[in-house]
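K.L.:
Residue numbers (my numbering), protein chains in the order written: chain A, 1 to 317; chain B, 1001 to 1247.
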């Protein structure tokens, strides 16, 4: 297992390097001119870092949520966090609030929605998985409806900017956001990894989790906070990127098994790899125009998910 | 039964919207005892087991483990002394048998004596170690979870209908397996009255109270069973064995 994880780390590092230097404007790392340096450090590096961070956050969040909710179809957006982020961010764009404030608005929107899901799903001393799911879906619908209202009242320019943001795009990644994103995503990932055994036990049901020495309500709350931190930060950095959170845990289960001690970090790394490559494809395929990376991940991810569903027993591993 | 290592003292409990399920129950699990809980559906067997291991908290009264209130134990410390196996096991868990059994080691920093492989062998699943738990039959899945409980190595095993869905062969083998573990106190809710004769002690439960407790011969009588299950039945003896016939 250690060898597989080492291989995954090596692949992630290699893809990171490739994505830095490859693209419509190829850069030779051994012979860079001034323009190359500007592109590399001012444009590529923050963009690839943002892609890696967002992919890591989504992959890890997906694995954690599928365990916490005991639902193989769960992904980081099922709790309505993305709808909250979209409403706040798109609202800001439509109302003409300066673009740099958008990630902050998205983070606030997702975090507030996470808090609401927590409050709504609280019953008999803790958050219950079924109620978390229902509260998330219900809130998601409500916030999406409010977003529609807002969009129908928006100007053409505001509407265009909001739609582009919602597609999920790393083109606006900038250095100033990377440290904040890194801190929140690293905190969420460390929290989730530290509670991986508890997450395994929760997947067997609350009674067995309790019998193994865990407090199911407390563990669910800690893991929920970890997911909220990672998802909120990822939406604020890269908008809505589909299918990574849903798909990566399913793919990685075939390679590393279902033990969350390995599955959470490996889904995180795989998410980073896939999003960096999707972004590379998005800025290369129809160059000089660009496709948002969220469109690429969904175009590739949805058919692959259906293929997996057909070929493998997704529910039982 | 009076020197209890696990005691429920004047315990009462009710679920929201229902009447009192357990009302003023006092009960002791004796050290090393191999006991079964018998009773009709809804009699409170599962609730008593859940109160005994701390999954449910009594509204009144107290549960004591080794003379210390159960709620004063840290989760991991309690898990080394007391384990519980629920009646309903979740099916959508993508773990393999080995991964599930390994979870029995979670409360420990230094693993106890029984290895994961040994426990899997004891329940007859050595050839299915790497099979996903969801792809096992109901009985095999149950045995995998029993192996996890064995690895956990607690001195008290509380099991809610662990023999459900098992073939007769495995019902008998699991009872023998649990009975042969020295120094372990076992209490399991049971449905099949005929199997109760294989236990040291039988606790007959009716409406959340103890109707009778004692050896199988003392408790399994036509009068007590008719009162507990509200059905006419007959005890038939064949040599040293006793069977139940339902009318």
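Here a beta-carbon is modelled for each residue, glycine too, at the ideal position from N, C-alpha and C.
Hey, how far is the Cα of residue 250 of chain A from the Cα of residue 1124 of chain B?
P.N.:
Numbered from its first residue, the first chain carries residue 250 of chain A at position 250. Numbered from its first residue, the second chain carries residue 1124 of chain B at position 124. For residue 250 of chain A and residue 1124 of chain B, the distance between alpha carbons rounds to 30 Å.
K.L.:
Mind checking whether residue 223 of chain A and residue 67 of chain A have CB atoms under 9 Å apart?
P.N.:
Taking the first residue of the first chain as 1, we reach residue 223 of chain A at position 223. Taking the first residue of the first chain as 1, we reach residue 67 of chain A at position 67. Yes. Within cutoff.
K.L.:
Taking Cβ positions only, does residue 217 of chain A come closer than 9 Å to chain B?
P.N.:
By 1-based counting over the first chain, the position of residue 217 of chain A is 217. No, no contact with chain B.
K.L.:
Using a Cβ-Cβ distance cut-off of 9 Å, determine whether residue 72 of chain A contacts chain B.
P.N.:
For the purposes of this step, residue 72 of chain A is identified with residue 72 of the first chain, where counting begins at 1. By this cut-off, residue 72 of chain A is an interface position.
K.L.:
With DSSP as the reference, identify every bridge partner of residue 1047 of chain B, one or two as the case may be.
P.N.:
Taking the second chain and counting its residues from 1, one reaches residue 1047 of chain B at position 47. None; residue 1047 of chain B has no bridge partner.
K.L.:
If contact means a Cβ-Cβ distance below 9 Å, which residues of the segment 1088-1115 of chain B contact chain A?
P.N.:
Per Cβ criterion, the list reads 1088, 1089, 1090, 1091, 1092, 1093, 1094, 1095, 1096, 1099, 1100, 1102, 1103, 1104, 1106, 1107.
K.L.:
Can you name, in chain order, every residue of its own chain whose Cβ lies under 7 Å from the Cβ of residue 317 of chain A, other than the five neighbours on each side?
P.N.:
Taking the first chain and counting its residues from 1, the one referred to as residue 317 of chain A is at position 317. Reliability fails at residue 317 of chain A, whose pLDDT of 48 lies under 50, so the model's placement of it is uncertain and the value that follows must be treated cautiously. 253, 258.
K.L.:
Decide if the segment 85-103 of chain A is in contact with the segment 114-122 of chain A; the criterion is three or more beta carbon pairs, one per stretch, under 8 Å apart.
P.N.:
With a cut-off of 8 Å, the segment 114-122 of chain A and the segment 85-103 of chain A do not count as touching, because too few Cβ pairs lie within range.
K.L.:
Among A:217, A:262, A:127, A:182, whose alpha-carbon lies nearest the alpha-carbon of residue 194 of chain A?
P.N.:
Here residue 194 of chain A refers to the residue found at position 194 when the first chain is read from its first residue. Residue 194 of chain A has its Cα closest to that of A:262, out of A:217, A:262, A:127, A:182.
K.L.:
Counting only Cβ pairs nearer than 7 Å, list the residues of chain B close to residue 75 of chain A.
P.N.:
In the first chain, residue 75 of chain A corresponds to position 75, counting from 1. Residues of chain B passing the Cβ test: none, with the nearest at roughly 16 Å.
K.L.:
Along the chain, where does the alpha helix (DSSP H) containing residue 1137 of chain B start, and where does it finish?
P.N.:
What you label residue 1137 of chain B is simply residue 137 of the second chain in a count that begins at 1. First-last for residue 1137 of chain B: undefined, no H or E at that position.
K.L.:
Can you name the residues of chain A whose CB is closer than 7 Å to the CB of residue 1086 of chain B?
P.N.:
Taking the second chain and counting its residues from 1, the one referred to as residue 1086 of chain B is at position 86. Ordered by position in chain A, the residues that pass the 7 Å Cβ test against residue 1086 of chain B are 205, 207, 208.
K.L.:
Less than 7 Å between C-beta atoms, sequence neighbours within five positions excluded: which residues of the same chain meet that for residue 1166 of chain B?
P.N.:
Here residue 1166 of chain B corresponds to residue number 166 of the second chain, with the count starting at 1. The answer, listed in chain order, is 1139, 1142, 1174.
K.L.:
Report all residues from its chain with a CB closer than 7 Å to the CB of residue 70 of chain A; omit the five preceding and five following residues, and keep chain order.
P.N.:
Here residue 70 of chain A refers to the residue found at position 70 when the first chain is read from its first residue. Excluding positions up to five away in sequence, the list reads 129, 203.
K.L.:
Comparing C-alpha positions only, which one of A:78, A:16, A:63 sits nearest to residue 40 of chain A?
P.N.:
Stepping through the first chain from its first residue, residue 40 of chain A is reached at position 40. With distances taken between Cα atoms, residue 40 of chain A lies closest to A:16.
K.L.:
In chain A, which residues lie less than 7 Å from residue 1053 of chain B when you measure between Cβ atoms?
P.N.:
Position 53 of the second chain, counted from the first residue, corresponds to residue 1053 of chain B. The answer, in chain order, is 211.
K.L.:
For the 8 Å Cβ check, are there 3 or more pairs between the segment 1009-1018 of chain B and the segment 1055-1069 of chain B?
P.N.:
Yes, the segment 1009-1018 of chain B touches the segment 1055-1069 of chain B.
K.L.:
Using a beta-carbon distance below 9 Å, is residue 1074 of chain B in contact with chain C?
P.N.:
This model lacks chain C altogether, as its protein chains are A and B.
K.L.:
Just reading off the beta strand (DSSP E) that residue 240 of chain A is part of, what are its end residues?
P.N.:
The count along the first chain starts at 1 and reaches residue 240 of chain A at position 240. From DSSP, residue 240 of chain A is part of no beta strand (DSSP E); its letter is neither H nor E.
K.L.:
In whole angstroms, give me the CA-to-CA distance for residue 165 of chain A and residue 2 of chain A.
P.N.:
Taking the first residue of the first chain as position 1, residue 165 of chain A is located at position 165. Taking the first residue of the first chain as position 1, residue 2 of chain A is located at position 2. Those two C-alpha atoms are separated by around 38 Å.
K.L.:
Give a yes or no on whether the minimum CB-CB distance between residue 1127 of chain B and chain A is below 9 Å.
P.N.:
If you number the second chain from 1, residue 1127 of chain B lands on position 127. By this cut-off, residue 1127 of chain B is not an interface position.
K.L.:
Tell me which residues of the segment 245-276 of chain A have at least one Cβ-Cβ distance to chain B shorter than 8 Å, keeping chain order.
P.N.:
So the close ones are 253, 257, 258, 259.
K.L.:
Per DSSP, residue 1213 of chain B is paired with what?
P.N.:
Counted from its first residue, the second chain places residue 1213 of chain B at position 213. The partner list for residue 1213 of chain B (beta bridge, DSSP) reads B:1203.
K.L.:
What are the uninterrupted segments assigned as beta strand (DSSP E) that are 3 or more residues long and contained completely in the segment 1071-1107 of chain B, given in chain order?
P.N.:
Here the runs fully enclosed are 1082-1085.
K.L.:
Assuming residue 57 of chain A and residue 187 of chain A make a contact with CB atoms under 8 Å, what is their CB distance in whole Å?
P.N.:
On the first chain, residue 57 of chain A is found 57 positions in, with the first residue counted as 1. On the first chain, residue 187 of chain A is found 187 positions in, with the first residue counted as 1. Contact flag wrong, Cβ pair sits at about 11 Å.
K.L.:
Does the segment 275-288 of chain A touch the segment 1152-1168 of chain B, meaning 3 or more C-beta pairs lie closer than 8 Å?
P.N.:
The segment 1152-1168 of chain B is not in contact with the segment 275-288 of chain A.
K.L.:
Helix or strand or just coil, what does DSSP make of residue 1153 of chain B?
P.N.:
For this step, residue 1153 of chain B is matched to residue 153 along the second chain. Here residue 1153 of chain B sits in coil by DSSP.
K.L.:
Within 9 Å of any Cβ in chain B, is that where the Cβ of residue 197 of chain A sits?
P.N.:
The residue given as residue 197 of chain A occupies position 197 in the first chain. It does: the Cβ of residue 197 of chain A has a partner Cβ on chain B nearer than 9 Å.
K.L.:
Between the segment 277-308 of chain A and chain B, which residues of the former have CB atoms less than 9 Å from a CB of the latter, in chain order?
P.N.:
Flagged: no residues at all.
K.L.:
If you measure beta-carbon to beta-carbon, which residues of the segment 35-61 of chain A are closer than 8 Å to chain B?
P.N.:
Under the 8 Å Cβ criterion, the segment 35-61 of chain A contributes no residue.
K.L.:
Please report the Cβ distance between residue 201 of chain A and residue 1106 of chain B, rounded to the nearest whole angstrom; I am assuming they are in contact, meaning their Cβ atoms lie under 8 Å.
P.N.:
As a position in the first chain, residue 201 of chain A is number 201, starting the count at 1. As a position in the second chain, residue 1106 of chain B is number 106, starting the count at 1. The pair is a contact, with the Cβ atoms about 7 Å apart (cut-off 8 Å).
K.L.:
Check whether the segment 1179-1196 of chain B touches the segment 1207-1215 of chain B, counting contact only when three or more Cβ pairs, one atom from each stretch, lie closer than 8 Å.
P.N.:
Counting Cβ pairs under 8 Å, fewer than three are found: no touch.
K.L.:
So, with DSSP's three-state summary, where would you put residue 1182 of chain B?
P.N.:
Taking the first residue of the second chain as 1, we reach residue 1182 of chain B at position 182. Looking at residue 1182 of chain B - three-state DSSP - the assignment turns out to be coil, as it is neither helix nor strand.
K.L.:
Less than 9 Å between the C-beta atoms of residue 83 of chain A and residue 126 of chain A, yes or no?
P.N.:
What you label residue 83 of chain A is simply residue 83 of the first chain in a count that begins at 1. What you label residue 126 of chain A is simply residue 126 of the first chain in a count that begins at 1. The answer is no: Cβ separation not under 9 Å.
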